[in-house]
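Chemist: Quick one: the structure is below, questions incoming.
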Amino acid sequence: MQKSKLISVLVIVFLSLSFLGCTEEVNSNGEIPEEQTSADNVSTPDSPETDVNVYNATLKKTAILDIDNGYSLKVLEINRKEGYSILSLRKDGYEYGTKKIFVGRSYDVWDPEKQFIIYSIKLESIYDNSFVIDLSYTLKPEIYLYVDFPDRDSERKPTVKIEKDSITRNYVWEYDDRQFQLQARYDKEAYELYSQRTRYRHWVHFVNDPYDDAFISQITLQMENLAEEADYGREEIPYITMLFVQSLPYVSDSVSAGYDEYPRFPFETMYHGGGDCEDSSILLAALLYDMGYGVSLIELPGHMAVGVKGSDDLPGSYYDYSGVKYFYLETTNSGWEVGRIPTVYRNSDARIIPITDGYPEIAVDFAGSGRHDSRFSYIDLDIEVENVGSAKAEDVIIYTGLEATQKGMVWDQVASDQIPEIDVEEAVSYEISNLKVPVGETYRIGIRVVGSNTGVEYVYSDWHVS
C-alpha cells in the first residue's frame, strides 16, 4: 500500500454541525433446525380493516433475517439462562442499532431516525442448546409510508446516505440536556485501503496512527466549534466529546468485519458509525490525546475502556500506574461518568496502556526453500520487514542465522546493509541465498531486526534436520 495514495484519499468533509437545546444449537430431537420463515394472515383489533401478516422465523446465532424494504436483523447473542437475545438492527446492510429482547415480550423497531415504527418483533422461544431462537414479527403500515412516500419538504438528514464513491453519516448526541449534531462524508476508497492494513500491532498504534492525524484533528475542531456555539467553555469540550463517543451504537466485530476480534482505527469506527468496546476506546483515546490530555487504554478481561489522567482532588475510581492516576471512563454506553467503573469489572485485573507519542513497531515474515549436496544443505530465504508502528523506523539492520541447538551458536549467518529508514506501513523485502548447514545437523532459522529507535524483533522457525 502506498502511503501517498492513502493520504490522497483520506478525506473527511464535515458538511454541517449544529446544537439543538462476545456450538451450534440443537433442538430437543438433537437436530439443528433450518432457518425458516412463515406467515400467518391475521387482523388486529387496532386496525380491523387491515390485514397484517405475522411472520415466524427460526434463526441460528449469527443468522441474518431480511425484513422488508432494506431492513434486516442479525442474531448477535442468545442467552437461554436469562431468557434474552441481542439483535443487530440493520438498514441497507448497515447496522444502526442493537436491541435486547426477552422471551414472551414484543418490541417496536423504529427507523434509524426514530420517526416511524417499521416492525414489531417478539421472541417466542429459545431452544435448549441456546443457539437457536423462534421469533415472530409484524410489519407496520408506516414502513410503506416511509419508503414510498417520503416527505419532500422535510429537512431531516438521513443517518446514513450511501453514494457511489462515498458514505455520509449523521451523528446526534446529547450533553447537558442539549442536542448536538454533526455530519461527515467518507471516501470509500480510503476505507478500502484501511481494510488492507494489518491488525497485528500494539494498541497504541491504533490510537496515534499518523494516517488519522488530520482526521482526528478535524473532529476535535468540530467539538470546539460546537461547544463555542452552545456557549460552553473549553473545560466542557472533553465531556461533549465523551458523550459523543458513548452515543455511538455498539457494533460487534462479527457484524461489520466477519471476525470475532478486529480492532479498528478511528477512521473505520466513524465510517461504521460505531464499534465494540475496543473500537470506541481507541477512538475516544485518540480524540482526548489530540486535545492534549493524558490518556491510557485500560484492558480488562473481555473488555476495554479509557483512562484519563486526573488530579488528586478528582472524585471517582482510578488506576495508579507509575504514580499517575488514570480515572476510569466507560465508552460503550451513555451515562457513565468519569471515575465510575461497572460493578462487573471493579475487582478485575487491569492492564494499563499509556498513550505516548508514536514509535516504530517491526513485523517480520519470511519463507524459504532448500537444496543439498553430499556435504551441505543450502537455504534460500525471502524476508519481508514491515513497519506497523506509528513513526519511522531508522537505521534498520536484518540479522539472519541458521541457529544450532547449542545456545548462542550458529551454523551460518549474514547481516543486511543498514536501511536508513522504513516509513509507517512501508515493507522492505530482503533476499538471502546459500546459507549452509552440514548435512545431518539440526538447525532453525532465526531472524533479528534491530533499528536505532526500535527494540529487537526476533522470529524463528521450527527445528529441522538438514
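Each residue of the sequence shown is one higher than the last, beginning at 715 in our numbering.
Idealized CB from N, CA, C, for every residue including glycine.
The structure presented is a predicted model; accordingly, all values stated were derived computationally and were not measured.
1. Got a sec? Which residues, its chain only, sit under 6 Å from Tyr821 by beta carbon, not counting five neighbours each side?
2. Would you report the Cα separation of Gln1127 and Leu1001, rounded to the nearest angstrom?
3. So, at 6 Å on beta carbons, what are the nonlocal neighbours of Ser1025 in its own chain, with the 5 sequence-adjacent residues on each side left out?
4. Within 10 Å of its beta-carbon, does Lys878 have 16 or more other beta-carbons around it, so buried, or fewer, so exposed?
5. If you draw a straight line from the alpha carbon of Tyr973 to that of Thr776, how long is it in whole angstroms?
6. Pick out the complete beta strand (DSSP E) segments inside the stretch 1140-1166, 3 residues or longer, and give them in chain order.
7. Would you call the stretch 1005-1018 and the stretch 905-912 in contact, with 3 or more CB pairs under 8 Å?
8. With which residues is Pro1068 paired in a DSSP beta bridge?
9. Taking the straight line between their C-alpha atoms, what separation do you get for Gln936 and Gly1037?
10. Buried or exposed: Asn1101, going by 16 or more other Cβ atoms within 10 Å of its Cβ?
11. I need the straight-line Cα distance from Pro977 to Val965, nearest angstrom please.
12. Assuming Ile1066 and Tyr1040 form a contact by the criterion Cβ under 8 Å, report the distance between their Cβ atoms to the nearest whole angstrom.
13. Check each candidate in Gly784, Val1022, Tyr851 and Asn1047 and name the one with the smallest Cα separation from Gly807.
14. From Tyr810, Asp901, Ala1019 and Glu888, pick the residue whose C-alpha is nearest to that of Ser681; which is it?
15. What are the boundary residues of the beta strand (DSSP E) that includes Asn793?
16. Going by beta-carbon coordinates alone, are Tyr889 and Tyr798 separated by less than 8 Å?
17. On the DSSP bridge list, what partners appear for Asn1101?
18. Would you be able to state if there are at least three C-beta pairs under 8 Å between the stretch 778-795 and the stretch 944-963?
19. Could you tell me the alpha carbon to alpha carbon distance between Tyr1003 and Pro826, rounded to whole angstroms?
20. Assuming Tyr794 and Ile840 form a contact by the criterion Cβ under 8 Å, report the distance between their Cβ atoms to the nearest whole angstrom.
21. Using a Cβ-Cβ cutoff of less than 6 Å, which residues in the same chain neighbour Ala941 once the five nearest sequence positions on both sides are dropped?
22. Which residues in the same chain as Ser802 place their Cβ atom closer than 7 Å to its Cβ, once the five residues preceding and following it in sequence are excluded?
23. When we look at the beta-carbon of Lys828 and count the other beta-carbons within 10 Å, is it buried (16 or more) or exposed?
24. Does DSSP put Leu997 in a helix, in a strand, or in coil?
25. Measuring straight from C-alpha to C-alpha, what distance separates Gly1082 and Asp1096?
26. As an exercise, report each continuous alpha helix (DSSP H) stretch of at least 4 residues that is fully enclosed by the stretch 875-941, in chain order.
27. What number of angstroms, rounded off, separates the C-alpha of Leu997 from the C-alpha of Asp1087?
28. Suppose you measure from the CA of Met1202 to the CA of Ile792; what does that come to, to the nearest Å?
29. Over the uninterrupted beta strand (DSSP E) stretch that includes Tyr1172, give me the two end residues.
30. Can you check whether the CB of Val1099 is closer than 8 Å to the CB of Ile1136?
31. Excluding the 5 residues preceding and the 5 following Gly987 in the sequence, name in chain order all residues of the same chain whose CB lies nearer than 6 Å to its CB.
32. What are the boundary residues of the alpha helix (DSSP H) that includes Phe958?
33. On the DSSP bridge list, what partners appear for Gln1127?
34. Drop a sphere of 10 angstroms on the beta-carbon of Met984, count the other beta-carbons inside from all chains shown, and report buried for 16 or more, exposed for fewer.
35. Can you tell me which residues form a DSSP beta bridge with Ala1019?
Modeler: To lay it out plainly:
1. Counting from 1 along the sequence shown, the entry for residue 821 is found at position 107. Cβ neighbours of Tyr821 beyond the five flanking positions: Ile815 and Ile835.
2. Sequence index remark: in the sequence shown, residue 1127 carries index 413 (1-based). Sequence index remark: in the sequence shown, residue 1001 carries index 287 (1-based). Cα to Cα, Gln1127 sits roughly 46 Å from Leu1001.
3. Reading the sequence shown from its first residue, position 311 is the one you call residue 1025. If we look at Ser1025 and ignore the five residues flanking it on each side, it has no Cβ neighbours.
4. Along the sequence shown, read from residue 1 onward, the residue named residue 878 stands at position 164. Exposed.
5. One-based indexing of the sequence shown puts residue 973 at position 259. One-based indexing of the sequence shown puts residue 776 at position 62. In this prediction, Tyr973 scores a pLDDT of 40, lower than 50, which makes its location untrustworthy; the coordinate-derived value is nonetheless stated afterwards. One C-alpha to the other measures close to 12 Å.
6. Within the stretch 1140-1166, the complete beta strand (DSSP E) runs of at least 3 residues are 1141-1152 and 1156-1164.
7. Judged by Cβ distances under 8 Å, the stretch 1005-1018 makes no contact with the stretch 905-912, as fewer than three pairs qualify.
8. Position 354 of the sequence shown, counting from 1, holds the residue named residue 1068. Ser1010, per the DSSP bridge assignment.
9. As a first step, residue 936 is located in the sequence shown; it is residue number 222 there, counting from the start. As a first step, residue 1037 is located in the sequence shown; it is residue number 323 there, counting from the start. Approximately 33 Å, taken between the alpha carbons.
10. As a working mapping, residue 1101 is identified with position 387 in the sequence shown. Under a 10 Å Cβ-count criterion, Asn1101 is classified as buried, with 16 or more other Cβ atoms of the shown protein chains found around its own Cβ.
11. Here residue 977 refers to the residue found at position 263 of the sequence shown. Here residue 965 refers to the residue found at position 251 of the sequence shown. One C-alpha to the other measures close to 12 Å.
12. Taking the first residue of the sequence shown as position 1, residue 1066 is located at position 352. Taking the first residue of the sequence shown as position 1, residue 1040 is located at position 326. Contact check for Ile1066 and Tyr1040: beta-carbon distance about 6 Å, within the 8 Å limit, so the pair qualifies.
13. Position 93 of the sequence shown holds residue 807. Per the C-alpha coordinates, the member of Gly784, Val1022, Tyr851 and Asn1047 positioned closest to Gly807 is Gly784.
14. In this structure the chain extends from 715 to 1180, so residue 681 is not present and cannot be described.
15. For the purposes of this step, residue 793 is taken as the residue at position 79 of the sequence shown. That run of the beta strand (DSSP E) goes Tyr785 to Asn793.
16. In the sequence shown, the residue the question calls residue 889 occupies position 175. In the sequence shown, the residue the question calls residue 798 occupies position 84. Cβ atoms of Tyr889 and Tyr798: not closer than 8 Å.
17. Locating residue 1101 in the sequence shown gives position 387, counting from the first residue. According to DSSP, residue pairing for Asn1101 in a beta bridge involves Ile1076.
18. The stretch 944-963 vs the stretch 778-795: no contact.
19. For this step, residue 1003 is matched to residue 289 along the sequence shown. For this step, residue 826 is matched to residue 112 along the sequence shown. One alpha carbon belongs to Tyr1003, the other to Pro826, and they sit about 31 Å apart.
20. Walking along the sequence shown from the start, residue 794 turns up at place 80. Walking along the sequence shown from the start, residue 840 turns up at place 126. The residue asked about is misnamed: residue 794 is Arg in this sequence, not Tyr. Sure, about 4 Å apart at Cβ, within 8 Å.
21. The residue given as residue 941 occupies position 227 in the sequence shown. Taken in chain order, the residues that qualify are Glu950, Ile951 and Ile954.
22. Here residue 802 refers to the residue found at position 88 when the sequence shown is read from its first residue. When the five nearest sequence neighbours on each side are left out, the beta carbons in the same chain lying within less than 7 Å of the beta carbon of Ser802 are those of Leu787, Lys788, Leu790, Glu809, Thr812 and Val969, in order along the chain.
23. Start at 1 with the first residue of the sequence shown, and residue 828 comes out as number 114. Label assigned to Lys828: exposed.
24. In the sequence shown, counting from the first residue as 1, residue 997 sits at position 283. Under the three-state reduction of DSSP output, Leu997 falls in the helix class.
25. Taking the sequence shown and counting its residues from 1, the one referred to as residue 1082 is at position 368. Taking the sequence shown and counting its residues from 1, the one referred to as residue 1096 is at position 382. Roughly 6 Å separates the two Cα atoms.
26. Counting only runs of 4 or more, we get 902-909 and 917-921.
27. Locating residue 997 in the sequence shown gives position 283, counting from the first residue. Locating residue 1087 in the sequence shown gives position 373, counting from the first residue. Leu997 and Asp1087: Cα-Cα distance of roughly 57 Å.
28. An answer regarding residue 1202 cannot be provided, because it is not within the stretch 715 to 1180 covered by the chain.
29. Counting from one through the sequence shown, the residue named residue 1172 turns up at place 458. Counted as a single uninterrupted DSSP element, the beta strand (DSSP E) harbouring Tyr1172 occupies residues Val1170 to Tyr1174.
30. Within the sequence shown, numbered from 1, the residue matching residue 1136 stands at position 422. Within the sequence shown, numbered from 1, the residue matching residue 1099 stands at position 385. For Ile1136 and Val1099, yes; Cβs fall inside 8 Å.
31. Residue numbering aside, residue 987 sits at position 273 when the sequence shown is read from its first letter. In chain order, Arg883 place their CB closer than 6 Å to the CB of Gly987, counting only its own chain and leaving out the 5 sequence neighbours on each side.
32. What you label residue 958 is simply residue 244 of the sequence shown in a count that begins at 1. Here the alpha helix (DSSP H) through Phe958 covers Ile951 to Ser961.
33. Numbered from its first residue, the sequence shown carries residue 1127 at position 413. Paired residue(s): Gly1115.
34. If you number the sequence shown from 1, residue 984 lands on position 270. Buried, by the Cβ-count rule.
35. Counting from one through the sequence shown, the residue named residue 1019 turns up at place 305. Looking at the DSSP assignment, Ala1019 forms a beta bridge with Ile1012.
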